[in-house]
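In this note's numbering, the protein residues as written are 1097 to 1204. Ideal Cβ positions, reconstructed from N, Cα and C, are used throughout, including at glycine. Predicted model, so just to flag it, every value in this text is computed and none were measured.
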């Protein structure tokens, strides 16, 4: 038997380090992308779900708390995914999705 473990992520944007990689960019859609993949993982009734990732800032797939902008050596860089939300927005989405995942597993 094979074990299927879906992986969910909030989006992907590594253009700051790989400017040639635009075909793999995935917009976060204000959290909708992340929730859509959580919905698919929950619907799959998988035993486990992997989250990509907690702090991969260079790939734009981080979910850890963050401010919407930061100072760096090149000036100010904005993280658009956090501009309209609390710093822990993606952790809150994760908590709610995990709650739904566990609730759905109990019903199965």
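Taking the Cβ atoms as the reference, residue 1130 lies roughly 6 Å from residue 1189, within the contact range of under 8 Å. In this structure, the straight-line span from the alpha carbon of residue 1162 to that of residue 1184 is close to 7 Å. Beta-bridge pairing by DSSP links residue 1104 to 1147. A straight line joining the alpha-carbon of residue 1100 with that of residue 1159 spans about 23 Å. Of the residues assessed, residue 1157 falls on the buried side of the cut-off, its CB having 16 or more other CB atoms within 10 angstroms. Sequence-distant partners of residue 1110 (beyond 5 residues in either direction) whose C-beta falls short of 7 Å from its own C-beta, in its chain, are 1117, 1154, 1155 and 1156. With 16 or more other CB atoms across the displayed protein chains lying within 10 angstroms of its CB, residue 1138 is buried.
Within the model, the alpha-carbon separation for residue 1202 versus residue 1150 is close to 26 Å.
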